[in-house]
Every structure is written in C-alpha cells, then in structure tokens.
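Right, one structure below, let's go through it.
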Amino acid sequence: MLNIDAAEIEKLIKLPPDASYGDYCIPSYYLKQNGFKGDPEVLANKIVDFIYSYIINLPDDNAAELNKITNNNDILKNFKQYFASVGAKGAYINFYVNKQKFVNYIIAEILAKKNNYGKNYLGKGKTVIIDFSSPNIAKPFGVGHLRSTVIGMSLARIYDFCGYKTVKINYLGDFGTQFGKLITAFCRFKNANLDLTEFKNDPIKFLYKLYVKFHSESENNPELDDEARLRFKKLEQSIIGIDDVSELFDDIGDDLDNYDNNINGDVYNFCNDNFREYSAEVRKSGNAKEYKEKEYKEYNEYKDEDRNEDIDKNRDNDRDKTAGQEISGELYLWKLFRKLSIREFKRIYNIINVSFDFYEGESQASKIAVNLVDTLLRANIAERSMDAVVIPMEKTPALIAKSDGTTLYLSRDIATALLRFKKFKFDKMLYVVGSEQSLHFSQLFNIFKILKENEIKFEKQDLFLRYASEISGRLHHIKFGRIIGMSTRKGNLVFLEDYINEAKEKARLKLKTDKQHMLNPNVSAADKSENSASAPLTSSDAGVNADAYNDNDDIALKVGIGAVIFNDLKTRRNVDVNFNWDNVLSFEGQTGPYLQYSVARINSLIEKLDKEYSFKIKIENLYSSEAFYNIITDAEKKDFCSINDYDFELVFEIVKHLSLFEDTIKDAASHDEPSVISTYLLDAAALFNSYYQNYKLMNLKSDFVYNRIMLLISVKIILESGLNLLSVPILKKM
RNA sequence: GCGUUCAUAGCUCAGAUGGAUAGAGCAACAGCCUUCUAAGCUGUGGGUCGCAGGUUCGAAUCCUGCUGGACGCACCA
Numbered sequence: 022m023l024n025i026d027a028a029e030i031e032k033l034i035k036l037p038p039d040a041s042y043g044d045y046c047i048p049s050y051y052l053k054q055n056g057f058k059g060d061p062e063v064l065a066n067k068i069v070d071f072i073y074s075y076i077i078n079l080p081d082d083n084a085a086e087l088n089k090i091t092n093n094n095d096i097l098k099n100f101k102q103y104f105a106s107v108g109a110k111g112a113y114i115n116f117y118v119n120k121q122k123f124v125n126y127i128i129a130e131i132l133a134k135k136n137n138y139g140k141n142y143l144g145k146g147k148t149v150i151i152d153f154s155s156p157n158i159a160k161p162f163g164v165g166h167l168r169s170t171v172i173g174m175s176l177a178r179i180y181d182f183c184g185y186k187t188v189k190i191n192y193l194g195d196f197g198t199q200f201g202k203l204i205t206a207f208c209r210f211k212n213a214n215l216d217l218t219e220f221k222n223d224p225i226k227f228l229y230k231l232y233v234k235f236h237s238e239s240e241n242n243p244e245l246d247d248e249a250r251l252r253f254k255k256l257e258q259s260i261i262g263i264d265d266v267s268e269l270f271d272d273i274g275d276d277l278d279n280y281d282n283n284i285n286g287d288v289y290n291f292c293n294d295n296f297r298e299y300s301a302e303v304r305k306s307g308n309a310k311e312y313k314e315k316e317y318k319e320y321n322e323y324k325d326e327d328r329n330e331d332i333d334k335n336r337d338n339d340r341d342k343t344a345g346q347e348i349s350g351e352l353y354l355w356k357l358f359r360k361l362s363i364r365e366f367k368r369i370y371n372i373i374n375v376s377f378d379f380y381e382g383e384s385q386a387s388k389i390a391v392n393l394v395d396t397l398l399r400a401n402i403a404e405r406s407m408d409a410v411v412i413p414m415e416k417t418p419a420l421i422a423k424s425d426g427t428t429l430y431l432s433r434d435i436a437t438a439l440l441r442f443k444k445f446k447f448d449k450m451l452y453v454v455g456s457e458q459s460l461h462f463s464q465l466f467n468i469f470k471i472l473k474e475n476e477i478k479f480e481k482q483d484l485f486l487r488y489a490s491e492i493s494g495r496l497h498h499i500k501f502g503r504i505i506g507m508s509t510r511k512g513n514l515v516f517l518e519d520y521i522n523e524a525k526e527k528a529r530l531k532l533k534t535d536k537q538h539m540l541n542p543n544v545s546a547a548d549k550s551e552n553s554a555s556a557p558l559t560s561s562d563a564g565v566n567a568d569a570y571n572d573n574d575d576i577a578l579k580v581g582i583g584a585v586i587f588n589d590l591k592t593r594r595n596v597d598v599n600f601n602w603d604n605v606l607s608f609e610g611q612t613g614p615y616l617q618y619s620v621a622r623i624n625s626l627i628e629k630l631d632k633e634y635s636f637k638i639k640i641e642n643l644y645s646s647e648a649f650y651n652i653i654t655d656a657e658k659k660d661f662c663s664i665n666d667y668d669f670e671l672v673f674e675i676v677k678h679l680s681l682f683e684d685t686i687k688d689a690a691s692h693d694e695p696s697v698i699s700t701y702l703l704d705a706a707a708l709f710n711s712y713y714q715n716y717k718l719m720n721l722k723s724d725f726v727y728n729r730i731m732l733l734i735s736v737k738i739i740l741e742s743g744l745n746l747l748s749v750p751i752l753k754k755m
C-alpha cells in the first residue's frame with residue numbers, strides 16, 4: 022500500500038493553516054497522482070485507520086509486522102516515537118507530533134550544527150555564475166544599482182549555502198557611446214568652470230556632472246554629438262586593436278596624484294590633436310563606417326583548460342602592471358575614468374560588504390563580438406537589414422551590429438556568455454538585471470537556442486562556437502521591478518552613499534535619545550516618543566565617552582545599512598517598489614533594524630542571565646566548536662523543554678518555525694528569491710519578541726533558565742544565518 | 001498597436017506545483033517601561049482578493065476577455 026519513496030512523501034506534506042488542525046498534514050487528494058482513487062474524505066479515513074492498526078497500535082518490538090509494510094523505512098519505524106496522534110478531518114490526514122520530543126530534537130540539532138544549520142546539497146557539484154551590480158562607469162552608482170547589487174549578493178550567499186560553487190561577476194558597463202560623450206566633455210569643458218580637484222576626490226560625481234553638462238550643452242550644439250561619436254569610434258578601434266584582451270584591464274599606472282599634470286599637459290593636448298587629425302582623416306576618406314577587420318588569434322584558439330585552475334588563476338584579477346606602449350588619448354582617458362570609477366565602486370561595495378570574484382567589462386568582449394557577427398552572417402543565421410545585421414526572430418528581430426559595423430550590447434553579451442562558458446563550464450548563469458531589459462535577455466536566450474538548433478552549420482574548427490549549443494537553457498534573467506518615484510528630497514538622483522548616510526543619521530539620533538533616556542529616567546515618555554533633538558546632548562553632559570561615541574557611530578552605520586539593504590530584499594523581486602523616504606527610514610515593524618534589534622536583545626539577555634546564574638556561556642565563543650562541546654553533550658542527555666512548562670506552547674511554536682529554516686533556504690534558492698528568507702526571519706523575530714515580552718526569565722529556577730538559554734541561542738543562530746544570507750549586518754548590541 | 005509584467009485592508013506587502021477560517025507591518029484607536037534594551041509587546045476596528053466569464057469536488061492562485069498602472073518594442077546600455 023505504501024510504496025511511495027520518502028522523497029515523494031516529503032513533497033506531499035503541507036503545513037495546516039492553523040495549528041489546531043495538526044502540525045503537519047497530507048491532503049488525501051494529492052495521493053491521486055500516486056494511484057489512489059475514490060472520495061478523498063473516505064481515503065483519508067482509510068489511511069488514518071491503517072496507520073493506527075499497522076503502526077500506532079502495534080507493540081514497539083513488532084518489527085515483523087512493520088516489515089510487511091515496508092522493508093526499509095526509518096520514518097515508519099520512528100513514527101511512534103515522533104508523532105503523538107493522527108486524525109482525519111475532511112480530506113486531510115492531520116499529524117500531531119510528539120511536541121516535547123520535537124522541541125528537544127530540533128534544538129539539539131541546531132546547537133550541534135550551529136551556523137551550518139540549514140545548509141544543504143541542492144547544488145552539489147554544480148557551478149553557478151551570478152552576474153550582478155554591473156554599474157555603468159559613465160553614470161553614478163545610484164539607488165537603482167543597489168537592487169541588483171543586493172539581490173545578487175544575497176543570491177550568491179544563498180547558492181553558496183546550498184552547496185553550489187558560485188562565481189560572482191561584476192560586468193562593468195565600460196563601453197559604448199557614452200564614453201565618447203564623456204571624453205568630449207572632459208576635453209571641452211575642462212577649462213570652463215569645472216573643479217578638477219573634485220575629479221580626484223569624487224570622480225563619480227564629477228563624471229556625472231560632465232555627463233549632465235554634456236547633455237545640456239549638446240541640445241544647442243549638435244556638433245558635440247558628432248565629436249562624441251567620432252571619439253567613441255576611435256576608442257573602439259583602439260580597443261579592438263589590442264591583441265591581448267586582458268590588457269584592457271591593465272593599470273595605466275598609479276600616478277593619479279599627477280593626473281592633472283597629465284591632463285593639463287601632454288595627454289590633454291594629445292587628445293585634442295589626435296581628434297583633429299582623426300576627424301580630418303575621416304572627412305577626407307568620406308567613410309566613417311569603415312574599419313579594418315582582423316583575424317583574432319584568440320578567437321579561434323580556445324582550448325578546454327581546467328576551469329578550476331582558470332578560476333583560481335583569475336580570481337581577483339586586479340592587475341597592477343603599467344602599460345608600456347603608447348596609447349591614444351581616448352584610450353588613456355577611458356582607462357583613467359574606469360580606474361577611478363572602479364576604485365570608487367569598490368569603496369562603496371566595501372561599506373555594504375559586497376565583493377566580487379571577477380570584474381569584467383563589456384570592452385573585453387567587443388573584439389570577439391565583431392568576429393562573431395561575421396560568423397553568424399556566413400552561417401546564414403544572421404542577415405543584413407538596412408545596412409545593420411539582425412538575427413530574425415518570431416517577435417522583434419535581434420539587432421547584433423549597427424550599420425557602421427560596430428557591435429551592440431547584445432552582440433557583446435553573446436560573446437561574453439561564450440567566454441564565460443569556456444572559462445567556467447557553468448551549469449547556470451544568472452543575470453541580475455532590471456525587468457526593463459526583459460526583451461534583451463529573451464533575445465539573448467533565443468539566440469542561443471537558435472545556435473543550438475543550427476549547430477551543424479558551424480565549421481568543425483570553430484571551437485569557440487561549439488560552446489554555443491551547450492549554453493542554451495542555462496541562462497536565466499533574474500529580473501526585478503523598478504524603483505518608482507525615487508528622488509532626493511530636492512528632486513535629483515539619489516546617490517547610494519547619501520542614502521545610507523541619511524539612514525545612519527536617523528539611527529544615530531535614535532541612539533542618542535535612547536541613551537539620554539537611560540541616563541536620565543526623568544525625561545518624560547512624551548519627550549522620548551517624539552524622538553526629538555529638542556534637548557541637544559553633548560558627549561560630556563551625558564557622560565558618554567569617546568568609545569561609546571565610536572560604538573554608536575558604528576552601530577548607527579550598520580543600522581542604516583541594514584535598513585537600506587533589507588528594504589530592497591523584503592519584497593518579491595518582481596514587484597515595482599514605490600520609493601518612499603518614510604518607509605525606508607522606518608526602523609519599526611518589518612524592517613532590517615527590527616531583525617538586528619532582535620539579535621541584540623538575545624545577546625543582551627543571554628549575557629545578563631549568564632552573569633546572574635553563572636552558566637559561563639561566552640557569547641563571543643558561541644560558534645567555536647570547543648565552546649559548544651558541553652552544550653552538545655548536554656543536548657544528548659537531557660531535555661530542553663517539557664510539555665508541562667508554562668511557556669511550552671510558545672516555545673513549541675518558535676521551535677517549529679526554526680525547523681523550517683532549511684526548507685526556506687531551498688525555496689529561496691529554487692525561486693531565486695531572497696525575500697522568502699526575509700519573510701521567514703520577520704516571523705522568527707516576531708515570535709522571539711513575543712516570547713521575550715511575555716515570559717521573563719530572570720529569577721526563575723536555574724535549570725529552566727539554562728534550557729531557555731539554549732532556545733535563545735538556537736533562535737540567535739537562525740536569525741544570524743538568515744541575516745548573513747541577506748548580507749544585512751549583524752549587531753552585538755544596539 | 002504588439003509584447004512582458006503587475007492589481008489582495010486607508011498605505012507597504014505576505015499568501016509559489018489550485019486546498020481547510022485570506023495574513024503581517026505601518027497608520028488609527030485602547031492598553032503595557034520602579035523587574036531581561038519600548039527599534040518592543042498585547043488588544044480593537046479595517047477585505048466583493050481590479051471587473052466579468054470559464055475550468056472542477058474546490059480558485060486570491062489556472063484559462064479567456066475587459067479595465068487600470070509599469071516597462072519594453074532595431075542602430076543606447
């Protein structure tokens with residue numbers, strides 16, 4: 022009767038909407054797909070009768086009878102031990118666990134596994150590439166980029182937790198017409214009223230100003246656009262002309278302190294002179310579209326190397342070489358812009374604790390993309406259309422080359438995917454990019470499908486394209502909704518750092534008033550609730566020393582970051598987010614700070630109880646195995662909880678929730694949806710806070726308190742693991 | 001016009017192979033700090049799940065149509 026395997030049964034198990042129906046249930050109509058027939062209600066009753074007569078009512082040692090049903094099933098053998106009763110209600114088979122055993126089992130398991138609790142092997146032996154953040158160098162790092170950054174980082178951690186080998190790639194937007202504009206603006210406006218010292222201090226904002234200025238000026242002066250196009254054209258030729266693509270990421274030398282000398286002197290003039298020369302040349306020849314085609318050795322020489330070696334060799338591929346050869350002014354400026362930008366990006370990533378295994382750029386793929394277009398034309402997969410090159414598709418044709426022969430985002434993405442597959446042999450690649458680019462990615466994925474279908478058309482020696490057929494189906498667009506109505510209070514674009522700082526300031530203010538209240542309890546509740554700064558507090562009059570101030574500064578920053586990051590991860594990716602300062606800066610309710618606060622509260626509580634009862638539990642050692650040795654041995658021999666405890670119902674509810682952690686992680690991974698974890702953590706924290714408020718632990722029996730500390734540690738482990746997966750900073754105290 | 005996507009409480013959102021009575025948080029109202037951090041807790045009110053059909057034992061969930069919003073639709077990325 023029960024010849025369904027355990028994994029399949031697991032899929033059938035659901036959580037009832039209300040605990041009064043049971044702790045777990047199996048809706049009997051689910052069993053129809055396993056060959057059961059008839060009225061679901063009758064079926065449910067039959068199964069319950071069966072369980073009673075063949076399992077529950079049998080004596081413990083009647084293994085022979087059990088073997089009649091199944092010869093190898095621990096679940097059945099342990100059934101009596103872990104389940105208290107079973108009941109049929111309507112079409113549902115409801116299972117009631119042995120609550121006391123359940124609680125003790127789960128707590129012991131969490132304490133034993135510690136921050137490995139919830140880890141699983143969903144992705145064992147698989148490699149996943151996560152392409153995220155990918156800011157555009159010519160544009161500032163705004164709150165818009167934060168979503169990709171934060172979702173991507175979280176997914177990387179989740180996949181890692183699920184046993185995948187994860188590769189985090191930042192694919193910089195370092196190529197395209199906007200660089201022509203920037204270079205033009207830089208050369209033209211340099212002597213106008215731009216403050217060049219700002220270029221050094223805050224290159225991103227400087228470049229942004231240049232960009233904005235270019236656009237306002239070019240409205241009245243179309244010549245600027247022409248110059249920008251030509252400058253980009255020249256830049257692209259410089260880039261394509263480089264044989265070794267990795268040179269593109271070579272450092273131009275760390276002479277940034279003298280950058281203005283370079284700009285003011287040789288480089289700046291070089292730049293202009295070359296441009297004049299170049300544009301004269303182009304006018305003379307009358308053909309700005311023509312460019313020299315080259316055979317790129319690299320293109321046809323890809324070999325299957327050990328990808329792991331490749332990964333290690335290239336990890337953190339910052340180069341510190343100085344390019345020896347002469348380069349064009351455009352290329353110099355482009356490298357300079359990129360270098361400064363990356364430096365700035367890294368500074369920001371560092372603040373929010375984000376890191377990458379590789380920094381790539383579109384520029385690296387451009388030369389391959391050029392040749393790719395040609396190959397696809399020859400194979401009759403692509404065709405010419407109004408001088409441009411397109412791949413016909415059911416819907417919108419995919420444009421892969423402009424009529425002047427230069428490549429596009431799409432063609433470079435094809436090349437990049439090929440390069441990455443060659444390098445990593447990934448099982449899965451995630452592009453964490455906004456939903457407005459859905460068409461782009463559906464075209465990209467379709468192209469690989471077409472390449473697979475037309476595999477036969479490619480010449481055998483074309484090793485590179487051979488990968489194309491394998492890529493189809495491995496690419497995923499992890500899209501997310503737009504942030505609507507986002508602006509500063511003044512109405513401009515929001516820079517990420519300003520955003521974090523605003524959150525930080527608010528947190529600092531709150532810390533200040535809290536501290537004031539603690540030191541001076543006579544402050545009325547009304548004053549405090551207004552959270553006002555009406556009674557300004559200096560560090561001296563509150564007796565707050567410098568250390569405390571630094572502490573508070575650090576706490577405020579982490580609270581601010583937590584608020585900002587969590588705000589982006591708490592809802593499903595796909596929904597558009599209405600940006601609202603009041604919501605973002607709220608630290609109450611379903612927020613990052615609420616979670617951080619819950620952890621801090623647990624720490625503080627454990628510390629106080631430990632001090633009072635002398636259990637000698639060291640919070641800072643909780644994750645070292647030695648410190649846990651005693652706890653684990655205790656876990657084996659004693660119960661943490663009894664069904665007769667006055668707080669048992671809530672304890673059971675908490676532990677039951679904790680037990681769902683692993684499923685939650687898997688759910689988040691399989692749907693590429695960090696918000697699943699956010700929701701889970703909010704529920705966990707709410708349960709804990711409810712416990713905290715309603716059951717005071719001070720002045721109770723020592724044994725009981727010790728057991729509850731084990732519960733608190735379990736909650737702490739789960740909350741901290743979850744926050745780590747979201748990359749929300751964890752605070753010891755608040 | 002075509003395509004993608006979304007519509008659940010006043011606001012922001014959960015509710016994911018269709019399943020039992022649709023849930024939180026803000027905001028509102030009423031309580032709780034001489035005792036473990038009030039960034040908290042307890043309670044109350046608040047819903048035609050955009051509208052209309054369909055599929056079936058059963059629909060917020062799947063299908064069709066409609067309405068409304070967001071985004072995209074070849075030389076930007």
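To convert, take the position in the first sequence, counting from 1, and add 21; that gives our numbering.
Ideal Cβ positions, reconstructed from N, Cα and C, are used throughout, including at glycine.
Just so you know, these numbers come straight off a predicted model, no measurement behind them.
* DSSP beta-bridge partners of Y45 -> Paired residues: F116.
* Asked: Taking DSSP as the reference, what is the three-state secondary structure of G152?
  -> The displayed chain sequence assigns Asp, not Gly, to residue 152. D152 falls in the strand class under three-state DSSP.
* Along the chain, where does the beta strand (DSSP E) that runs through G350 open and close? -> Counting along the chain, G350 falls outside any beta strand (DSSP E), though it belongs to the alpha helix (DSSP H) covering G350 to I372.
* **Rounded C-alpha distance that separates K226 from A400** => Distance between the alpha carbons of K226 and A400: 46 Å.
* To do: Could you tell me how far apart the beta carbons of V124 and V69 are, in whole angstroms, since I believe they sit closer than 8 Å?
  => Rounded, the Cβ-Cβ distance is 25 Å, inconsistent with contact.
* Asked: Buried or exposed: D562, going by 16 or more other Cβ atoms within 10 Å of its Cβ?
  -> Low local confidence applies: a pLDDT of 39 at D562 is under 50, so the model's placement there is unreliable, with the coordinate-based value given in what follows. Exposed.
* Could you check the C-alpha separation between F210 and Y232 for me, to the nearest Å? => Those two C-alpha atoms are separated by around 11 Å.
* To do: In angstroms with no decimal places, state the Cα-to-Cα distance between F608 and N371.
  => Taking the straight line from one Cα to the other gives about 23 Å.
* Asked: What is the rounded straight-line gap between the Cα of Y113 and the Cα of L681?
  -> Between Y113 and L681, the C-alpha separation is close to 21 Å.
* To do: May I ask you to report which of helix, strand or coil DSSP gives I158?
  => Per DSSP, reduced to three states, the secondary structure at I158 is coil, with no helix or strand assignment.
* Compute the beta-carbon to beta-carbon distance between I504 and V598, rounded to the nearest angstrom, for a pair I have assumed lies under 8 Å. => Correct: roughly 5 Å between the Cβ atoms.
* To do: Determine the closest residue to K687 out of C183, D60 and G146, with distance taken between C-alpha atoms.
  => Among C183, D60 and G146, the Cα nearest to that of K687 belongs to C183.
* Does the separation of the CB atoms of G173 and Y117 fall below 8 Å? -> Not in contact: G173 and Y117 (Cβ atoms no closer than 8 Å).
* **Per-residue DSSP class, three states only, for H692** => Here H692 sits in coil by DSSP.
* To do: Could you check how far apart the C-beta atoms of L451 and L176 are, in whole angstroms? I think they sit under 8 Å.
  => Indeed, because the Cβ distance is near 7 Å, the residues count as touching under 8 Å.
* **T592 versus F501: straight-line alpha-carbon distance, rounded** => Rounded to the nearest angstrom, the gap between the Cα atoms of T592 and F501 is 10 Å.
* **Same chain, Cβ closer than 8 Å to T437, five either side skipped, listed in chain order** => Result list for T437: Y192, E381, E383, Q385 and A386, in chain order.
* Beta-carbon separation of L626 and L733 under 8 Å? -> Yes, these two residues count as a Cβ contact at 8 Å.
* Rounded C-alpha distance that separates L689 from S742 -> Looking at the sequence provided, one finds Ala at residue 689 rather than Leu. A689 and S742: Cα-Cα distance of roughly 14 Å.
* To do: Measuring alpha carbon to alpha carbon, tell me which of R359, E457 and T170 ends up nearest N374.
  => The residue with the shortest Cα to Cα distance from N374 is T170.
* Rounded separation between D408 and R594 - CA only -> The alpha-carbon atoms of D408 and R594 are separated by roughly 39 Å.
* On a CA-only basis, which of T700, L532 and I150 is nearest Y180? Give me that one, please. => Cα-wise, what sits closest to Y180 is I150.
* Asked: With C-beta atoms as the reference, is I751 less than 8 Å away from L744?
  -> Against a cut-off of 8 Å, the Cβ pair of L744 and I751 comes out as a contact.
* **Selected residue, minimal CA-CA separation from L352, among E257, R368, V726 and Q121** => Proximity to L352 across E257, R368, V726 and Q121 peaks at E257, based on C-alpha coordinates.
* **Same chain, Cβ closer than 7 Å to F661, five either side skipped, listed in chain order** => Result list for F661: V124, N125, I128, N728, M731 and L732, in chain order.
* Applying the criterion that 16 or more other CB atoms from any shown protein chain within 10 Å of the CB defines a buried residue, is K677 buried or exposed? -> It is buried - the Cβ of K677 has at least 16 other Cβ atoms within 10 Å.
* One or two residues paired with F379 in a DSSP bridge -> Paired residue(s): I190.
* **Inside the stretch 399 to 444 only - beta strand (DSSP E) runs reaching at least 3 residues** => Counting only runs of at least 3 residues, the stretch 399 to 444 fully encloses the following beta strand (DSSP E) elements, listed from N- to C-terminal order: 404 to 406, 409 to 412 and 419 to 422.
* To do: Using the Cα positions of V454 and D152, report the straight-line distance between them to the nearest angstrom.
  => Computed Cα separation, rounded: 8 Å.
* Rounded C-beta distance between I492 and F442? I'm assuming under 8 Å. -> Taking a contact as a CB-CB distance under 8 Å, the pair I492 and F442 counts as one, their CB atoms being some 5 Å apart.
* Asked: Whose C-beta lies closer than 6 Å to the C-beta of K449 among residues of the same chain, with five residues either side of it excluded?
  -> The residues are V149 and R495.
* To do: Check whether the Cβ atoms of F253 and F200 lie closer than 8 Å to each other.
  => Yes. Within cutoff.
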